[in-house]
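Chains as they are written, first to last, in the numbering used here: chain S, 1 to 342; chain G, 1001 to 1289.
Below you'll find the structure, written out as structure tokens, and then a few comments.
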Amino acid sequence: MSASSDVGCHAQRQARWHYGEAAFWLIVLACGFAFPTRYLIMTDILRLALFAMSLDLVLGYAGIVSLGHAAFFGVGAYAAGLLALHGIINEPVLALVVAGLVAMVLGFATSFLVIRGVDLTRLMVTLGIALLLEALAERFSNITGGTDGLQGIEMQPIFGEIPFDMFGKTGFFYSLAVLFLLFLFARRVVHSPFGLSLRAIKNNPLRAAAIGIPVNRRLIAIYTLAAFYAGIAGALFTQTTAIASLDVFAFERSADLMLVLVIGGTGYLYGGLVGAVLFRMLQELFSTITPQYWQFWIGLVLVVIVLVGRQRLHRWVLYVPNLVIRQIAGRKAVVAVPENDA
Amino acid sequence: MTSILTNLFDGVAYGMLLFVLACGLAVTLGLMNFVNLAHGAFAMAGGYVCMVLVNRMGWPFFAALPLAFVSSAAIGIVLERTLYRHLYARSHLDQVLFTIGLTFMSVAAVDYIQGSSRVFINLPAALQGQFDVFGVGIGRYRLMIIVICGLLTIGLQMVLAKTRFGSRLRAAVDDPRAASGLGINVPQVFAFTFAFGCGLAGLGGALSAEILGLDPYFPLKFMIYFLIVVTVGGSSSITGPFLASLLLGIGDVAGKYYVPKMGPFVIYTMMIVILIWRPNGLFGRTATR
Chain S
1 MSASSDVGCH
11 AQRQARWHYG
21 EAAFWLIVLA
31 CGFAFPTRYL
41 IMTDILRLAL
51 FAMSLDLVLG
61 YAGIVSLGHA
71 AFFGVGAYAA
81 GLLALHGIIN
91 EPVLALVVAG
101 LVAMVLGFAT
111 SFLVIRGVDL
121 TRLMVTLGIA
131 LLLEALAERF
141 SNITGGTDGL
151 QGIEMQPIFG
161 EIPFDMFGKT
171 GFFYSLAVLF
181 LLFLFARRVV
191 HSPFGLSLRA
201 IKNNPLRAAA
211 IGIPVNRRLI
221 AIYTLAAFYA
231 GIAGALFTQT
241 TAIASLDVFA
251 FERSADLMLV
261 LVIGGTGYLY
271 GGLVGAVLFR
281 MLQELFSTIT
291 PQYWQFWIGL
301 VLVVIVLVGR
311 QRLHRWVLYV
321 PNLVIRQIAG
331 RKAVVAVPEN
341 DA
Chain G
1001 MTSILTNLFD
1011 GVAYGMLLFV
1021 LACGLAVTLG
1031 LMNFVNLAHG
1041 AFAMAGGYVC
1051 MVLVNRMGWP
1061 FFAALPLAFV
1071 SSAAIGIVLE
1081 RTLYRHLYAR
1091 SHLDQVLFTI
1101 GLTFMSVAAV
1111 DYIQGSSRVF
1121 INLPAALQGQ
1131 FDVFGVGIGR
1141 YRLMIIVICG
1151 LLTIGLQMVL
1161 AKTRFGSRLR
1171 AAVDDPRAAS
1181 GLGINVPQVF
1191 AFTFAFGCGL
1201 AGLGGALSAE
1211 ILGLDPYFPL
1221 KFMIYFLIVV
1231 TVGGSSSITG
1241 PFLASLLLGI
1251 GDVAGKYYVP
1261 KMGPFVIYTM
1271 MIVILIWRPN
1281 GLFGRTATR
């Protein structure tokens, strides 16, 4: 058997659906019916999960450290807000896609800046782009509403049939559907040969180039795709909360996103989803203890995670579940820690 | 014409200040390839120490400045020995996460201790107001900043170029492995430089309270400025960051004066253009590190 078919077999086995994954999505769906009073926070978690998945595509799979991912989130949010406010596209799903495409165009344009240079330059350029957009949004306050944000957005019913209700039930299921569809697509992408080549690039760009992977083109493609995802997350934010303000571009948003991904784990798609749930729970916990200073504890969590080591932490977290799985389903079903964390 | 000169003067003062604030970061990055986003927190610490000494305890301003330096350097060395040291070999992502965490903690901690409003340091009367030289308005405080920072820059350059420690440091920056092979204690050199850089940041923080404004969000607000200085200037010498700081200072002041509506737009655009043109910085080596 040749080496290439080995890789293919391995990749195909990885790509198959596990029972655990189906169970995960069923639980998420069940949450929607089990906690009818918590739609707002659950929608918030779904949005964050989508946003984190977007960062995971660039950070976890392609290894680009971005400090300004909020740029695309913000562009998506404002695009959706403006489309709805001026009645250009009234149908939410269509507006969502258009907002995502706007962010995608920006992602494509800026990807050429990002693929140049080393880690530090990338940090700077991504951060700079987010700050630049924030400054622009503040400058053109006649369009964006400046520091007040876009107000008075009224969302039309989805497909002209299902109206948004005030409890956020529609918003929740709408967000869940969007997240699930995009997750399916992302899952297809990362298990494709394209996704495998991204991992090769992340592990060693020089070698990846040497075996014939067009490194720059792959990075541009994934960065553009991630920008689309982030734009959709931003648009969902505007559509489900009916506001868009300057803080969609804030540095804290990008930094928090990093934390979400770190809690959940980089380099596998569920990392963002699990991280979003844990992050929101942590945030709720801290802000009930100290409403004003929760940032301190978030910072502490980050420091501790890094000092303990992310891989070691994930092994600890997975220790008990793996014990159980090993008892029930045998050795092969064990949830593995992704190797070569960014 | 005179307004141009006044702006130029203010820009130079601003740039010099940025240099003192950021040059420690340049060394950290150049020597250990460590991305320290928490650098502004050390500056803030120095600023707040100076404020407490001057406003609450009645110390003279010029006596409080060295203490701002010492306290920030002390915090720097403690953190370096206990925490930072473990992260030199880690990936950039880990370093970024760690230092963002530290920044968040410092912001919330200072907010808790001192409140979230902007603080001012009581300046002696001799530093207030401005005087005219051939019609050009010269602020006394800014003149003092230029003098202090200018002297510091010359001093740093002399130490780097003429002393034994300077040559060790340069050797370690150029190639840490070869340097340690020659018997240079690189971690020690680094710890000392790190503490000194933090001290300089603390001094800069104390000096900048009047010009940049000092509040708990200082580390987040000015993080991008420090990073611009380092990335644009390159981290292989101190002349690069120095020229980059001057350029940034003059550009920012001129941008805010002549196109006030564009706000911070000017410098971000400038930075992105420069980084596209020279990804390793204007004055950086073309090394791949």
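Idealized CB from N, CA, C, for every residue including glycine.
Owing to the predicted nature of the structure, the values given are computational and were not obtained by experimental measurement.
List, in chain order, every chain S residue whose beta-carbon is nearer than 8 Å to that of residue i.
| i | result |
| --- | --- |
| His1086 (chain G) | Leu307 |
| Phe1019 (chain G) | Residues of chain S passing the Cβ test: none, with the nearest at roughly 18 Å. |
| Phe1104 (chain G) | Ala255, Gln295, Phe296, Ile298, Gly299, Leu302 |
| Leu1079 (chain G) | Neighbours of Leu1079 (chain G) on chain S: none; closest Cβ ~11 Å, over 8 Å. |
Using a Cβ cut-off of 9 Å, pull out every chain S residue sitting near residue i, in sequence order please.
| i | result |
| --- | --- |
| Ile1145 (chain G) | Those within 9 Å of Ile1145 (chain G) in chain S number zero; the least Cβ separation is about 26 Å. |
| Gly1197 (chain G) | Result: empty, since nearest Cβ-Cβ is about 17 Å, beyond 9 Å. |
| Ile1224 (chain G) | Met124, Leu127, Gly128, Leu131, Phe251 |
| Asp1111 (chain G) | Gln292, Tyr293, Gln295, Phe296 |
| His1107 (chain G) | According to the sequence displayed, residue 1107 (chain G) carries Val and not His. Correct list: Gln295, Phe296, Gly299. |
| Val1159 (chain G) | Correct list: empty, because the minimum Cβ distance to chain S is about 25 Å. |
| Leu1083 (chain G) | Val303, Leu307 |
Closer than 7 Å by beta-carbon distance: list the chain G residues that pair up with residue i, in chain order.
| i | result |
| --- | --- |
| Val65 (chain S) | His1092, Leu1093, Val1096 |
| Ile125 (chain S) | Here residue 125 (chain S) turns out to be Val, not Ile, going by the sequence shown. Residues of chain G passing the Cβ test: Ile1272, Leu1275. |
| Val262 (chain S) | Leu1097 |
| Ala255 (chain S) | Ile1100 |
Determine the chain S residues that contact residue i at a beta-carbon separation under 7 Å, and present them in chain order.
| i | result |
| --- | --- |
| Leu1220 (chain G) | Phe251 |
| Thr1231 (chain G) | Leu120, Thr121, Met124 |
| Leu981 (chain G) | Chain G is shown only over 1001 to 1289; residue 981 (chain G) falls outside these bounds and no answer can be derived. |
| Tyr1268 (chain G) | Gly128, Leu131, Leu132, Ala135 |
| Gly1040 (chain G) | Chain S residues near Gly1040 (chain G): none, gap ~12 Å exceeds 7 Å. |
Run through chain G and tell me which residues come within less than 9 Å of residue i, C-beta to C-beta.
| i | result |
| --- | --- |
| Arg315 (chain S) | Under the 9 Å cutoff, chain G gives no residues; its nearest Cβ is about 16 Å from Arg315 (chain S). |
| Leu113 (chain S) | Ile1272, Leu1275, Ile1276 |
| Arg139 (chain S) | Lys1261, Met1262, Gly1263, Phe1265 |
| Met53 (chain S) | Within 9 Å Cβ-Cβ: nothing; Met53 (chain S) doesn't reach chain G, min ~17 Å. |
| Met258 (chain S) | Leu1093, Val1096, Leu1097, Ile1100 |
Closest to residue i by C-alpha separation, out of the options, would be which residue?
| i | options | result |
| --- | --- | --- |
| Ala1126 (chain G) | G:Val1136, G:Gly1115, G:Arg1140 | G:Arg1140 |
| Tyr39 (chain S) | S:Leu136, S:Asp165, S:Leu127 | S:Asp165 |
| Gly1213 (chain G) | G:Gly1129, G:Asn1185, G:Arg1118 | G:Arg1118 |
| Ser1091 (chain G) | S:Pro163, S:Leu236, S:Gly60 | S:Gly60 |
| Ile305 (chain S) | S:Ile263, S:Ile115, S:Pro291, S:Thr288 | S:Ile263 |
| Ala276 (chain S) | S:Gln14, S:Phe51, S:Cys9 | S:Phe51 |
| Ser1237 (chain G) | G:Cys1050, G:Gly1251, G:Val1173 | G:Val1173 |
| Gln1128 (chain G) | G:Lys1162, G:Leu1156, G:Ile1145 | G:Ile1145 |
| Ala49 (chain S) | S:Val178, S:His314, S:Ala137 | S:Val178 |
| Gly168 (chain S) | S:Gln311, S:Phe35, S:Ala71 | S:Phe35 |
| Leu1102 (chain G) | G:Ala1089, G:Ile1075, G:Ser1116 | G:Ile1075 |
| Leu43 (chain S) | S:Val28, S:Asp56, S:Leu300 | The question names Leu, yet the displayed sequence has Thr at residue 43 (chain S). When each option's Cα is compared against that of Thr43 (chain S), the closest is S:Val28. |
| Leu282 (chain S) | S:Leu85, S:Leu259, S:Gly309, S:Ala62 | S:Leu259 |
| Ala95 (chain S) | S:Leu131, S:Thr37, S:Glu138, S:Gln156 | S:Gln156 |
| Phe1222 (chain G) | G:Ile1121, G:Leu1143, G:Leu1021 | G:Leu1021 |
| Ser1003 (chain G) | G:Asp1132, G:Glu1210, G:Leu1156, G:Gly1183 | G:Asp1132 |
| Leu136 (chain S) | S:Val248, S:Glu161, S:Ile115 | S:Val248 |
| Leu1243 (chain G) | G:Gly1011, G:Leu1182, G:Arg1168 | G:Gly1011 |
| Ala1171 (chain G) | G:Val1159, G:Val1186, G:Gly1058 | G:Val1186 |
| Ala1120 (chain G) | G:Gly1047, G:Leu1200, G:Gly1240 | The sequence shown places Phe at residue 1120 (chain G), rather than the Ala named in the question. Of G:Gly1047, G:Leu1200, G:Gly1240, the residue nearest in Cα terms is G:Gly1047. |
| Gln295 (chain S) | G:Ser1180, G:Val1110, G:Ala1161 | G:Val1110 |
Within the segment 1039-1123 of chain G, ranges of the alpha helix (DSSP H) (whole runs, at least 4 residues): 1039-1051, 1061-1082, 1092-1114
Sufficient close CB pairs (3 or more, under 8 Å) joining the segment 271-283 of chain S to the segment 208-226 of chain S: no
Chain-ordered residues of the segment 1236-1266 of chain G with a beta carbon less than 7 Å from chain S: Lys1261, Met1262, Gly1263, Pro1264, Phe1265
Cβ pair count under 8 Å reaching 3, the segment 73-85 of chain S against the segment 222-238 of chain S: yes
Cβ contact (3+ pairs, closer than 8 Å) linking the segment 1041-1058 of chain G and the segment 1205-1222 of chain G: yes
Contacting positions in the segment 291-305 of chain S - beta carbon closer than 9 Å to chain G: Gln292, Tyr293, Trp294, Gln295, Phe296, Trp297, Ile298, Gly299, Leu300, Val301, Leu302, Val303, Val304, Ile305
Any 3 or more C-beta pairs closer than 8 Å across the segment 11-31 of chain S and the segment 140-159 of chain S: no
Three-pair Cβ contact test at 8 Å for the segment 1057-1070 of chain G versus the segment 1202-1210 of chain G: yes
Whole runs of the beta strand (DSSP E) within the segment 283-334 of chain S, excluding any shorter than 3 residues: none
Sequence ranges, alpha helix (DSSP H) only - wholly within the segment 136-183 of chain S, length at least 4: 141-144
Contained beta strand (DSSP E) runs [length at least 3] in the segment 1135-1193 of chain G, N- to C-terminal order: 1136-1139
Inter-stretch contact (C-beta, 8 Å, three-pair minimum) for the segment 1267-1282 of chain G and the segment 1227-1246 of chain G: yes
Validate contact between the segment 1258-1268 of chain G and the segment 1019-1033 of chain G using beta carbons, cut 8 Å, 3 pairs: no
Stretch pair the segment 1010-1017 of chain G + the segment 1249-1258 of chain G: three plus CB contacts closer than 8 Å: yes
Chain S contacts made by the segment 1174-1188 of chain G, where a contact means CB separation under 9 Å: none
Near-chain S residues of the segment 1007-1038 of chain G (beta-carbon distance less than 8 Å), N- to C-terminal order: Leu1029, Val1035
Stretch-stretch touch, CB-based, cutoff 8 Å, three pairs: the segment 93-105 of chain S with the segment 213-222 of chain S: no
Inter-stretch contact at 8 Å, needing at least 3 Cβ pairs: the segment 297-314 of chain S / the segment 78-88 of chain S: no
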